[in-house]
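Okay, structure first, notes after.
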Amino acid sequence: MNHHGSDAPAVVASLCQSFNAWAARMGHDGMSDGSTAPVASAAVGITGLTSLVEKPTDVHDILARELRTNRTAVAGDALTAHLGALKGRAGAVLSVGTGAVAFGYDGVSRWRRADGWGHLLGDLGAGVWVGGEALRAAGRYHDGASRGASKRLLDAAVAKFGLIESWPNQFYKNAERARQLASMAPEVIIAAAEGDSTSIRILDEAGRHLADTLSSALGRGIPPLASTTGRLVQEESPLTVSLTKHLSEDRPDVSLVPSDGSPLDGALRLAQRLRDAPQSVAGFRPWLTIRADGHHTLPEAVEDVGAADTLAAKLSATDLPGDELQ
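Going from the sequence shown to my numbering is simple: count from 1 and add 15.
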């Protein structure tokens with residue numbers, strides 16, 4: 016991430032080139048020009064896809080050009096997290112990090128999203144929300160308030176960010192303030208473990224918000240199977256206890272299961288499905304776009320190859336039938 020947005024397209028291009036170099040070293044050649052053989056399909060999960068990647072279509076172009084594949088998928092990392100956590104099964108997965116977003120999937124063609132609106136409009140219960148609540152509690156203690164104040168959190172925040180008088184300038188003018196706020200979340204978990212009542216209350220409320228988000232993703236047609244992923248829910252804390260408690264109260268029919276894989280596993284599963292059964296992969300703009308069975312032009316000039324070897328460029332399709340955005 017930088018002030019221009021995300022450098023994901025450049026990173027993907029570099030990864031593809033590294034893959035091609037590895038394939039050549041391993042002897043996976045076969046093209047007439049000595050380059051590596053075509054890849055059946057490729058999928059990538061990208062952080063900030065919907066807000067920081069200016070043109071996701073560029074990533075499709077890069078995958079097609081560098082890997083010589085006509086089946087590509089570009090997804091947000093929270094969506095590949097779903098496919099990894101539930102091994103591609105239908106249900107809902109809540110991803111909790113700096114932000115929070117849940118995806119529900121009916122196993123056929125229908126996706127449903129809840130939250131993921133960013134720290135100004137949503138991300139309730141996520142790291143950025145927890146961190147923001149911590150700094151508000153710290154500020155209340157500094158001002159001498161009696162409700163919702165925490166000296167423990169003020170001490171932790173001052174150690175991390177300096178004197179409280181400098182905080183407005185640090186946060187309000189900082190394009191990375193969401194990540195900076197979220198860096199306080201581990202401090203809240205530590206303080207809660209030490210018995211700080213305000214920290215415990217913050218994490219309990221965060222769990223309630225996250226349970227609401229996950230429940231919302233389990234809408235009509237989504238089987239009552241759910242999982243969570245992300246660093247804030249990896250270990251038991253008042254947050255995870257609260258999430259489990261409130262989800263069981265709101266949706267007693269839902270089975271909450273441990274995550275079965277990583278977002279990387281989900282990207283691999285997406286590529287495998289795109290290879291084996293592309294008609295089964297439904298797009299979900301802007302979180303998932305698909306190019307399937309289009310062709311790309313080989314990089315050589317036309318006069319350098321036979322007419323029979325020249326493939327027409329047909330990369331206009333971005334979604335398969337059944338795409339549904341809610």
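Using N, Cα and C, we set each Cβ at its ideal position, and we do this for glycine too.
For residue 61, the secondary structure class from DSSP, reduced to helix, strand or coil, is strand. Around the Cβ of residue 42, a 10 Å sphere holds fewer than 16 other Cβ atoms; the residue is exposed.
Exposure of residue 158 is indicated by the presence of fewer than 16 other C-beta atoms within 10 angstroms of its C-beta.
Per DSSP, the continuous beta strand (DSSP E) segment holding residue 130 begins and ends at 126 to 130. For residue 165, the three-state secondary structure derived from DSSP is coil. Fully contained in the stretch 99 to 155 are the following beta strand (DSSP E) runs of length 3 or more, in chain order: 106 to 111, 115 to 120, 126 to 130. In terms of Cα proximity to residue 124, the closest of 237, 279, 70 is 237.
When C-beta atoms of the stretch 93 to 113 are compared with those of the stretch 266 to 278, three or more pairs fall below 8 Å, so the two segments count as touching. Take the alpha-carbon of residue 280 and the one of residue 108: they are about 14 Å apart.
Your pair residue 228 and residue 115 checks out as a contact, with CB atoms roughly 6 Å apart and the cut at 8 Å. For residue 256, the enclosing alpha helix (DSSP H) begins and ends at 253 to 265. DSSP places residue 222 within a helical segment (H, G or I) once states are collapsed to three. Residue 72 sits in a helix when the DSSP states are folded into three classes. Scanning the stretch 163 to 215 from its first residue to its last, the whole alpha helix (DSSP H) runs of 4-plus residues come out as 166 to 176, 182 to 187, 192 to 197, 200 to 208. As the crow flies, the alpha-carbon of residue 208 is around 41 Å from that of residue 286. Taking a cut-off of 8 Å for Cβ pairs, the stretch 164 to 180 and the stretch 194 to 207 touch, as three or more such pairs fall below it. Under the three-state reduction of DSSP output, residue 304 falls in the strand class. Distance from the CA atom of residue 77 to the CA atom of residue 59, rounded to whole angstroms, is 11 Å. Of the candidates 111, 79, 80, 111 places its Cα closest to the Cα of residue 92.
Burial of residue 127 is indicated by the presence of at least 16 other C-beta atoms within 10 angstroms of its C-beta. Secondary structure note for residue 296: it is in no beta strand (DSSP E), with a DSSP letter that is neither H nor E. The stretch 252 to 269 makes contact with the stretch 215 to 233; the number of CB pairs closer than 8 Å reaches 3 or more. In this structure, the CA atom of residue 189 is about 38 Å from the CA atom of residue 82. Shown here, residue 235 sits in coil according to DSSP, grouped into three states, outside any helix or strand.
Distance from the CA atom of residue 234 to the CA atom of residue 240, rounded to whole angstroms, is 11 Å.
With fewer than 16 other beta carbons inside 10 angstroms of its own, residue 268 counts as exposed. Closest option to residue 243, judged by alpha-carbon separation, among 87, 184, 97, 221: 97. When the five nearest sequence neighbours on each side are left out, the beta carbons in the same chain lying within less than 6 Å of the beta carbon of residue 122 are those of 105, in order along the chain.
Taking C-beta separations shorter than 6 Å and ignoring five residues to either side along the sequence, the partners of residue 290 in its chain run 55, 56, following chain order.
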